[in-house]
Amino acid sequence: MQHAEDTTQAALARGSRYAMRKLPDVTLAFWIMKIAATTLGETAGDLFAQTLKLGYFLTTIALFCIFIVTLLAQLRSRRYNPFYYWAVILSTSMAGTTISDFMNRDATAKYLPTGAATLGWGPQGLGLGYPTGAAILVTLLITIFVAWRYAGLTFAIRDIDTFRGEALFWAAILVSNTLGTSMGDFLSDSSGLGYGGGALLITAALAALLMLKYVPAVPNVALFWAAFVLTRPLGATAGDLLTKPTTKGGLDLGTLGSSAVLLTVLFGLMAHAHVKDRKHGPRLHERSAGAAAGRDHLHVEG
367 MQHAEDTTQA ALARGSRYAM RKLPDVTLAF WIMKIAATTL GETAGDLFAQ TLKLGYFLTT
427 IALFCIFIVT LLAQLRSRRY NPFYYWAVIL STSMAGTTIS DFMNRDATAK YLPTGAATLG
487 WGPQGLGLGY PTGAAILVTL LITIFVAWRY AGLTFAIRDI DTFRGEALFW AAILVSNTLG
547 TSMGDFLSDS SGLGYGGGAL LITAALAALL MLKYVPAVPN VALFWAAFVL TRPLGATAGD
607 LLTKPTTKGG LDLGTLGSSA VLLTVLFGLM AHAHVKDRKH GPRLHERSAG AAAGRDHLHV
667 EG
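One rule links them: number in the working numbering = place in the sequence shown (from 1) + 366.
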């Protein structure tokens, strides 16, 4: 009897810890929303910086401030809320787009809209180039992971339930989205593959990661972060494919129209996730020890 009571208490403790988590399980729906958010981040970032001609400098400052606001809302939340979570993902994608552009590009005509002599106020780019920019971002990302490791906190996102762990998670998200943007722009602009070719290459790489998921020696956490970085250039190349002129290999749908459609899709997915979470949320006092153990066994990804 005592053993049964101890087991039940342990299961309830796991359930309570689950209720405190504010990050979602990694499912197919998660990746669909991630790609939609990163594609929207690309088109929306270009909308502000290029179409509205605010420039990379002002847009980077504005979008970074939006990121801080959405991050504070997420950090202050006491439980997982799809709207808060995906708002931060979207803001990191938008900010990552313009941070990458500001780091890697310069004020030459190559990176300006057709016919534009200047773009917004302030410096329009540091002109570091994609290799140097990527090297800096990879170094930052490794530094975050090293600090994360030495903090003794889990890398598995469904088990992150502390403020410090969540702060490290979002720092890694911002840097990885910025790195992914640099990779996507390099593939689209400088590799010779074009927008379609770059998207196909990233899709093939993601398919390879999916196959590695079934190799026991490869940690699922490593696969998650590799996939998270790679879905950003997929979103970047997809966004460029939608918005860039046909003369550059794009579909010329425009940043405003593409962003509106993608925002509608993402908002619909967020609403669906919110309804599903409220309908099927954890019922701590109804969950048996066996169900809790089964859940811990099944959800090993990311």
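The C-beta atom is built at its ideal place from N, Cα and C for all residues, glycine as well.
Since the structure is predicted, the reported quantities are computational estimates derived from the model, not experimental observations.
Contact under 7 angstroms by Cβ, residue i with residue j
i	j	result
W536	L437	yes
A593	L575	yes
F433	A410	no
G564	T404	no
I401	T597	yes
L578	V584	yes
T670	N543	Because residue 670 is not part of the residues shown, which for the chain are 367 to 668, the question remains open.
A639	P448	yes
Cutoff 6 angstroms; reference residue i; Cβ partners in own chain excluding five residues on either side
i	result
T425	F414, A415, T464
S624	T409, L608, T609
M549	P599
P489	F423
G531	L519
A439	Y450
Nonlocal neighbours in the same chain, by C-beta distance under 7 angstroms from residue i, ignoring five residues either side
i	result
L545	A500, L503, V504, L507, V595
F396	P390
L628	A402, T405, L406, T409
G620	T609
M399	W452, L632, L635
For residue i, three-class secondary structure by DSSP
i	result
Q416	helix
R644	helix
S457	helix
A538	helix
S443	coil
L619	coil
R471	coil
P585	coil
D551	helix
Cutoff 7 angstroms: residue i Cβ touching any chain D Cβ
i	result
G462	As a matter of chain content, chain D is missing from the structure shown, which is built from one protein chain.
Cβ-based neighbour list, residue i, same chain, cut-off 8 angstroms, excluding 5 preceding and 5 following
i	result
L572	A593, L596, T597, L600
T569	L600
A428	F414, L420
For residue j and residue i, believed in contact at Cβ under 8 angstroms, the rounded distance
i	j	result
I510	A538	5 angstroms
F521	V392	With 8 angstroms as the limit, F521 and V392 do not qualify as a contact, their Cβ atoms being about 12 angstroms apart.
D525	G491	Not really, about 39 angstroms apart at Cβ, beyond 8 angstroms.
Any non-hydrogen atom of the ligand COA closer than 6 angstroms to residue i Cβ
i	result
V392	Although the ligand COA was asked about, the structure shown includes no ligands whatsoever.
- [ ] May I ask you to verify whether the stretch 489-499 touches the stretch 548-564, counting CB pairs closer than 8 angstroms and requiring at least 3?
- [x] The stretch 489-499, when compared against the stretch 548-564, does touch it at the 8 angstroms Cβ threshold.
Open item on the list: Does the contact criterion of 3 or more C-beta pairs under 8 angstroms hold for the stretch 502-518 versus the stretch 417-432?
Closed with: Proximity of the stretch 502-518 to the stretch 417-432 falls short of the contact definition, fewer than three beta-carbon pairs being nearer than 8 angstroms.
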